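Residue numbers (the UniProt record's numbering), protein chains in the order written: chain A, 1 to 556; chain B, 1 to 239. Yeah, the Cβ is synthetic: ideal placement off N, Cα and C, and Gly gets one too. No experiment lies behind these values; they were computed from the predicted model shown. Written below as structure tokens is the structure these notes are about.
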Ligand SMILES: Nc1ncnc2c1ncn2[C@@H]1O[C@H](COP(=O)(O)OP(=O)(O)O)[C@@H](O)[C@H]1O
Ligand SMILES: [Mg+2]
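The following block contains the structure:
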């Protein structure tokens, strides 16, 4: 297995299936364990403050409910696969729900009556109160309510599994729409507020913390209905290519319009997404097309950022004083040259050493930048400040929204370049190398040259993103260039779909945009990140927006 | 347009083990020559050394008038040596058309490439409707056709093939070998490596027998077919 395969399959889960009863108990135990972990790490209490549906159900309750619904669903599906009737399958779902409920209730009783507080801060009386819906906190009645609710939720999840595929999808979409509206209340409320003529709707749809009950019903039923209508109206079906084109146009419209009509915070998040799109397009050339596993991508982001700093800052360390528009191509070029110089020795080595070498490079660059030796030139840990903002004929870009559009325009340019490269002779060669390096070589492809080109182009795009980043923030510090950035970009590609340009955008939105919008949940927002990752790789193994050729494989 | 392929004293080693020892042979322009040998005899090693995919311990390789011993693989392809690898090795997630196109990677003349593509599709009419299908979804026989077509797209002077009939049904084997003969008749020198000795010897002008990394016998295809040692060791029957 090459490191490319390992990277692209590492988020997937494979497991052997057992007997239906065992599967139901296992699914229930898994759901229960997830719910307990969710509660005991403190996520429950934080998310309990936020309503999904105003005054009806909180986010925390929704999450636990989803765990158990999922458990019941899984149990029923595995029973049905073994040939069980619908009623039996629902029974298995109820069993899974029962197991989950029992586990959860037991954990809560433990928290209520045995002091776990010294070990787990979140195992507090507050938690016990939060999950008490009837009776006294910690009482048998309260526990029985949890067990009953679990059993009911498991049965409901199982019943959903017994629906016809189109209806099951509709239910799923209805729920997802509701959850999305509740979770991203601020974004949508801001949207409604700023859209001319729709401002009056805002208080009707959104309460203080979530969706109003009436709006919730409308959203869920509406989304489910729409899904059913679209599913059945597609006769004759829309050609896959047409559909992709429509989706592409929608994506672009979304990218251009949404940040315009929402608030400054969303624009800031959008800006960050834009930067990641730029970077991910770079890594897409390396990993998505040529199959080069580059774990030190952040190095070139740093090179671009520091070049911008040294070219545009009023700091005495600055080498020259250029305008942003000259510094941008300069930073891109220097990052490309850095890529070329580093790639030259490293890319000659075949196989999996690249991942290790690049991982090292990322760290070397960061350590170099903080080092005392480079301090006179790069400012050490104090970094370089006062980087001039880009200006065009007296008009200076300074709001996040303006930077977002700058990033968007650059991303469009870079996307165009990527697209042309991908569909050129060299693009074919990259794909061939990714698929089978030895054969590519036997067919006359110069491996070192082709890889070096991919690596250099990727570095250039990363450098460009770094330069924009430096100009946006107005300063550069070594701590901005962590390994996590390389990993994020990698995950964006895997989630979006390797080798797919729209996938890059969707991946950035999902992995960078959504967690930023969920900042109110602190570190726990990564819970959604993790769930999104696992669920995506499970349901859509080729990514959210797979590259064309691969999608045809499923059509054919 | 055909070129001679000459190998002298070729030695290839994996660590301390010399898998190919002092092998010398010559394939004349336009010939169809086969190397037969049991599993592990060193056939694949010889071919990979010819194509520059394996470092060699000693010996020389000449293609036409050029000494290619130390050239990188891509230069050998450009000089007219192209390979159909063992086990077909298509790019499974690329389409049939893309697989064929990439075979012509070293060539720049679009019109000639298009003409060769047409020729490949005449050789293998089955591939005509399958241009947009992913190569990984083809049957074994179709995959072999694409692998051969891909190699032919490089417009080789010398085409080397590593066990192209492996794992194929008898009627598909016929199809593949017929196509190979047609390619050869079109002026391409062919070096065919086969474990399936009977079918290879039938169509070969000349043949070498490789055993434990050494050539132990040479002759015309017909001579070796009739040779009692060969009949016993490689054809699996005596008559
Ligand atoms: N990559 C390798 N590393 C070590 N030994 C190898 C390798 N490839 C082949 N060999 C050995 O070299 C010998 C010749 O192998 P090969 O050329 O594949 O034979 P054939 O193609 O005739 O079946 C065998 O003994 C095999 O075990
Ligand atoms: Mg072999």
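For residue i, which residues from the same chain have a beta carbon less than 6 Å from its beta carbon, with the 5 sequence-adjacent residues on both sides left out?
| i | result |
| --- | --- |
| residue 313 of chain A | 384, 386 and 387 |
| residue 147 of chain A | 101, 102 and 105 |
| residue 553 of chain A | Confidence at residue 553 of chain A is low in this model, with a pLDDT of 41, below 50, so its placement is unreliable and no value can be given for it. |
| residue 95 of chain A | 24 |
| residue 143 of chain A | 105 and 109 |
| residue 225 of chain B | 201 |
| residue 231 of chain A | 166 |
State the Cα-Cα distance for the pair residue i and residue j, rounded to the nearest angstrom.
| i | j | result |
| --- | --- | --- |
| residue 143 of chain B | residue 175 of chain B | 13 Å |
| residue 60 of chain B | residue 5 of chain B | 11 Å |
| residue 173 of chain B | residue 77 of chain B | 26 Å |
| residue 7 of chain B | residue 63 of chain B | 9 Å |
| residue 33 of chain B | residue 205 of chain B | 6 Å |
| residue 188 of chain B | residue 285 of chain A | 37 Å |
| residue 458 of chain A | residue 193 of chain B | 41 Å |
| residue 589 of chain A | residue 405 of chain A | Look at the range of chain A in this structure, 1 to 556, and you will see that residue 589 of chain A is not part of it. |
| residue 132 of chain B | residue 166 of chain A | 30 Å |
| residue 164 of chain A | residue 66 of chain A | 20 Å |
| residue 111 of chain B | residue 152 of chain B | 15 Å |
| residue 555 of chain A | residue 473 of chain A | Bear in mind that the predicted position of residue 555 of chain A carries a pLDDT of just 38, short of 50, making it too unreliable to give a figure here. |
| residue 400 of chain A | residue 72 of chain A | 45 Å |
| residue 317 of chain A | residue 391 of chain A | 22 Å |
| residue 137 of chain B | residue 172 of chain A | 32 Å |
| residue 159 of chain A | residue 62 of chain A | 18 Å |
| residue 46 of chain B | residue 209 of chain B | 13 Å |
| residue 488 of chain A | residue 511 of chain A | 8 Å |
Under the three-state reduction of DSSP, which class applies to residue i: helix, strand or coil?
| i | result |
| --- | --- |
| residue 116 of chain B | helix |
| residue 148 of chain B | helix |
| residue 88 of chain A | helix |
| residue 13 of chain B | strand |
| residue 108 of chain A | helix |
| residue 124 of chain B | coil |
| residue 60 of chain B | strand |
| residue 206 of chain A | strand |
| residue 391 of chain A | strand |
| residue 99 of chain B | helix |
| residue 486 of chain A | helix |
| residue 68 of chain B | coil |
| residue 381 of chain A | helix |
| residue 22 of chain B | strand |
| residue 553 of chain A | With a pLDDT of 41 at residue 553 of chain A, under the threshold of 50, the predicted position of this residue should be treated as unreliable, and no value is reported. |
| residue 142 of chain B | helix |
| residue 480 of chain A | helix |
| residue 82 of chain B | strand |
| residue 194 of chain B | strand |
| residue 396 of chain A | strand |
Quick check on residue i: buried or exposed, where buried means 16 or more other Cβ atoms within 10 Å of its Cβ?
| i | result |
| --- | --- |
| residue 229 of chain B | exposed |
| residue 2 of chain B | buried |
| residue 520 of chain A | exposed |
| residue 18 of chain A | exposed |
| residue 156 of chain B | buried |
| residue 250 of chain A | exposed |
| residue 246 of chain A | exposed |
| residue 545 of chain A | buried |
| residue 495 of chain A | buried |
| residue 56 of chain A | exposed |
| residue 319 of chain A | exposed |
Checking the sheet assignment: what are the DSSP bridge partners for residue i?
| i | result |
| --- | --- |
| residue 208 of chain B | B/35 and B/218 |
| residue 58 of chain A | A/51 |
| residue 178 of chain B | For residue 178 of chain B, which the question treats as bridged, DSSP gives no partner whatsoever. |
| residue 363 of chain A | None, per the DSSP bridge assignment. |
| residue 134 of chain B | B/95 |
Can you find the residues in the same chain that come closer than 7 Å, C-beta to C-beta, to residue i, ignoring five residues on each side of it along the sequence?
| i | result |
| --- | --- |
| residue 182 of chain B | 123 |
| residue 430 of chain A | 289, 290, 450 and 454 |
| residue 410 of chain A | 278, 464 and 468 |
| residue 200 of chain A | none |
| residue 82 of chain B | 151, 154, 156 and 159 |
| residue 523 of chain A | none |
Which same chain residues, not among the five before or five after residue i, have their C-beta less than 8 Å away from its C-beta?
| i | result |
| --- | --- |
| residue 477 of chain A | 381, 382 and 383 |
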